[in-house]
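Shown next, in C-alpha cells, is the structure this report addresses.
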Amino acid sequence: MTGAQTADAVIVGGGLHGLSSAIHLAKAGVEVTLLEKDRIGRHASSANAGGVRRLGRALPEIPIAVAAIELWHDIESLVDETCGFCESVQIKVAEDAEGLNALQIRSQTVCDYGFAHEEMIDADTLHSLLPEVAKHCVGGLIVKGDGHADPFATVRAFHRKALSLGVRIIEGAPVTQITYLNGKWSVKAGGLAFNTPHLINAAGAWGDQISGMMGDHVPIQAQALMLMITERIKPFLSAVVGAEGRTLSFKQLDNGTVLIGGGYQGRAELEHGTTTLDMRQLAANATAAQAIFPLMNQTRITRAWAGIEGVTPDRMPVIGHAGQSGGFHLFGFSAHGFALAPICGRVIAELILSQQTALPIQAFAVDRFQRVAEVT
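In the numbering used here, the protein residues as written are 2 to 377.
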C-alpha cells in the first residue's frame, strides 16, 4: 500500500478492550496504533453499569472472570488509577421456592465445574444483608469479592495510560478496507493507510463488520441496552443485586443515586452510532426494581440512556485468533464485557507475544459460528 504507515500492531476499536490490548502490548515494548471511528469509549464501554462480577457467568467465562477480578483488585498497577473500583458483594435474589431451587442448581453446577465462589444464603441472611428487600424474597446466591467501577472514569484511566505508554490513538478514523497479503495486514481508515503484521478487531457492536473484512463471518446483533438513574435517597444498599427470573441489575452509588438496568433494550442505529430509548421497556425495568425493593415506589427516575453493544447468538464473546495469521478478535461481549477488559487485553497480548495463553479460551473461537452453520 503506497504511503502506508507501519506499526507492530494495529487495533480497531477504542473501547476498553481495545485500550486494554494496547496497554498490555505497549508495556511489552510493542509499537501500537489504535483506530477509533468515533471517540474513545463512546459506546458500550462508558454507557454500561460498571459491574465487576463472577456471579452468573456462563461456565466458559468463569476462568477469565476469576482472573479479571484479581486484576481489578489491583487495577492501579495496570493503569495508575482506581477507576472508581469498589469491592462489594453481588447477590441474586430468589422470590419463591422455584427460584431458590434454580439458584441451588446453579450453585452446584458452578461447584462441579471447579469453582466455589457462588454460595447460597437463606432468607434470614438475605434480609440481614438487604434490609429493604421485599419481604416475600426467600433467599439467594451471593459472591463475595466482586464489585463495581465507574465506567467513565475507567475509560479515561485506560485512555490516559495508553497515551502515556506511547500508543498512537487516532479518533474519527472509521475503517473502510482491510486486506491480507503475504502475512501482512493492510488497513485503510480515516483517509490513512497502515501496514502491520498484527491486526486486532476490538470494534464492539461493529465487530462483525471488521471481522467480515478480515475474512471471518460472525453473526452479531447490535442492541441498545438501557440504564436509569434515580434521585439521591438515603443510603440503604451496598451490594449489587439481581433477581432470579427477572431482568434486573440494581445498585446504589456513593452519592445516593440508584442505578437500574439489566438488559432492557431501546433501538440501536449502527449507521449513525445513536440510540433511541423505549419508554415501555424502561417502565418494565422500573417495575422489576420496585418488586424487589418496594421503596423504589416513592423514588423518582431522573435520567436514562443506552449504549450500543454487540450480542452473539450464544451470548459469549469472540476472543482469539482470526482465520488469517496475525489477526485477532476481541468483541461480542453481549452486555457483560466491562469486567473482563483488563484480562482480555492481556490474553490478546499473550497470543501475539508468545502464541499462547494460560487461560482457556477455546469456547470463544471465531470458527464456532462456522461449525454451527456447517452442522445446520
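We put the CB at the ideal spot given by N, CA and C, even for glycine.
Item                                                                                                                : Value
Limits of the unbroken alpha helix (DSSP H) element including serine 326                                            : Per DSSP, serine 326 belongs to no alpha helix (DSSP H) and is neither H nor E.
Classification of tyrosine 114 by the beta-carbon crowding that lies within 10 angstroms, buried from 16 upward     : exposed
Ordered list of beta strand (DSSP E) runs contained in the stretch 126–190, each at least 3 residues                : 140–144, 169–172, 176–182 and 185–190
Residue range of the unbroken beta strand (DSSP E) whose run includes lysine 93                                     : 91–95
Span separating the alpha-carbon of leucine 166 from that of arginine 55                                            : 30 Å
Of the residues Ala366, Ala244 and Met229, the one placed nearest threonine 300, counting alpha carbons only        : Met229
DSSP three-state assignment for asparagine 256, whether helix, strand or coil                                       : coil
Entirely enclosed alpha helix (DSSP H) segments - the stretch 266–328, minimum 4 residues                           : 280–293
Sequence-distant residues of the same chain with beta carbon closer than 7 Å to leucine 254, five excluded per side : Leu260
Of the listed residues Cys138, Lys235 and Ala340, nearest to serine 21 (C-alpha basis)                              : Ala340
Proximity winner among Val367, Val348 and Gln371, relative to proline 64 (alpha-carbon distances)                   : Val348
Bridge partner(s) assigned by DSSP for threonine 7                                                                  : Asn196
Beta-carbon separation (whole angstroms), glycine 140 vs alanine 95, contact threshold 8 Å                          : 5 Å
C-alpha gap between threonine 197 and glycine 327, whole angstroms                                                  : 9 Å
Own chain residues within Cβ distance below 7 Å of aspartate 151, not counting five before or after                 : Gly51, Cys84 and Gly85
Cutoff 8 Å; reference serine 335; Cβ partners in own chain excluding five residues on either side                   : Glu310, Gly311, Val312, Thr313, Arg316, Met317 and Pro318
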